[in-house]
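Numbering (mature numbering (1 follows the signal peptide of the UniProt record, and there is no 0)), first residue to last: -34 to -1, 1 to 314.
Given below as structure tokens:
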């Protein structure tokens, strides 16, 4: 039996089509294997508990890294400040003894002075403004300052608007802060701000805070609702004042020594996972914040909101602090930030 030229061409075309389909199917199943990705175990340290908003976002990041790398890159999440406070983990990243962490931008000011921008009291009015600043050119410029110092900033997460708690008395006016021993982060802007407001500001690592409150070494502290709840500060603090005095970001960072040893594909995995975790974390944190406030009330905390008049008095007291921040971070960065905020608020 003979085969016509037409039948032969048809069979050849069919074989080519099947071969092409098989190649596409293989590519779809094995995209990661074609990339330059090596087996890696990455230690990721963080300060809060595993069941906190921070802990949940770290887990989401770890899952995303594993998925994007085809299981080759794995995150070992170590929470509860088990690797030390932020400042200790930062030095471990710089020295290459630890690969990754998430922590407060405020504790990075001693490494990159531009990070003080995010400590500016009453800088932003809402999360929309915060997101635009952090994810835009201003946030990128501040993150980039870490690279010369031995760290690489990937994305900003949300800690949230900070509010005041204490065990002495309700804070309803500026004068109520007088003499309160208030724990603040190891950061000069926070120290200067609360000293200016009349408090006795005491710098302490977060890992030591609960014990300091429990033993009355300090009277109060300031953190977002989520942290106040997850850290169980309500067990040792009676009064909560809604001040929203600072919007506080976290930043996900990588050791530059470790980063420089990664391939382009490995860096892309971490960056893509970081962006996904940022979006997840902000949504999760904001949903939790409203619930956290209600929960804190149900657990016996006496909650009051600072009146607009008293908030304005605090802002006026902090004018020179803001001027100091502008000088510290550089007037170009400060002016760019103010111009961006004016644009977001509908100004020219």
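We put the beta carbon where it would ideally sit given N, CA and C, even for glycine. What you are looking at is a predicted structure, and each value in this text was computed from that prediction instead of being measured.
Per DSSP, residue 105 is one residue of the alpha helix (DSSP H) stretching across 103 to 110.
The segment 156 to 175 makes contact with the segment 140 to 147: 3 or more CB pairs, one atom from each, lie closer than 8 Å. A Cβ-Cβ separation of about 6 Å places residue 40 in contact with residue 32 under the 8 Å criterion.
Contact check between the segment 209 to 216 and the segment 119 to 131: three or more CB pairs, one atom from each, fall below 8 Å, which counts as touching.
Here the segment 244 to 260 lies against the segment 14 to 28, with 3 or more beta-carbon pairs under 8 Å apart. Nearest C-alpha to residue 307 among 68, 92, 30 and 227: 92. Here residue 64 really is in contact with residue 58; their C-beta atoms are around 4 Å apart, less than 8 Å. Nearest to residue 66 by alpha-carbon distance, out of 104, 13 and 256, is 13. Take the alpha-carbon of residue 199 and the one of residue 176: they are about 7 Å apart.
Close CB contacts of residue 179 within its chain, under the 6 Å cut and outside five residues either way in sequence, are with 202 (chain order). Scanning its chain for C-beta atoms nearer than 7 Å, with the 5 sequence neighbours on each side dropped, one finds around residue 265 the residues 200, in chain order. In the structure shown, the three-state DSSP call for residue 187 is strand. Contact between the segment 274 to 292 and the segment 77 to 93 is established, with three or more Cβ pairs separated by less than 8 Å.
The three-state reading of DSSP puts residue 92 in coil, since its state is none of H, G, I, E or B. Leaving aside the five residues that flank residue 15 on each side, the residues in its chain whose CB is nearer than 7 Å to its CB run, in chain order, 21, 45, 46 and 196.
Here residue 303 is near residue 99, since their CB atoms are less than 8 Å apart.
Cβ neighbours of residue 231 within its own chain (closer than 7 Å, five residues either side excluded): 1, 2 and 3. Excluding sequence positions up to five before and after residue 111, its CB lies within less than 7 Å of the CB of 78 and 80, all in the same chain and listed in chain order.
In the three-state reduction of the DSSP assignment, residue 5 falls in the coil class, being assigned neither a helical nor a strand state.
For residue 153, the secondary structure class from DSSP, reduced to helix, strand or coil, is coil. Within the segment 12 to 40, not a single complete beta strand (DSSP E) segment reaches 3 residues in length.
In the DSSP assignment, residue 207 falls within the beta strand (DSSP E) that extends over 205 to 208. Your pair residue 130 and residue 191 does not check out as a contact, with CB atoms roughly 12 Å apart and the cut at 8 Å. Out of 11, 168, 169 and 61, the CA that lies nearest to the CA of residue 42 is found in 11.
Residue 52 and residue 310 have their alpha carbons spaced roughly 32 Å apart. When 8, 6, 27 and 5 are compared, the shortest CA-CA separation from residue 241 is found for 27. Rounded to the nearest whole angstrom, the C-alpha separation of residue 154 and residue 221 is 25 Å.
Taken atom to atom, the span from the alpha-carbon of residue 168 to that of residue 5 is near 44 Å. Under DSSP, residue 167 forms a beta bridge with 148. In the structure shown, residue 192 falls within a helical segment according to DSSP collapsed to helix, strand and coil. Rounded to whole angstroms, the separation of the alpha carbons of residue 109 and residue 296 is 15 Å.
Here residue 132 is buried: its Cβ has 16 or more other Cβ atoms, across all protein chains shown, within 10 Å. The residue from 299, 272 and 117 with its alpha-carbon nearest to that of residue 226 is 117.
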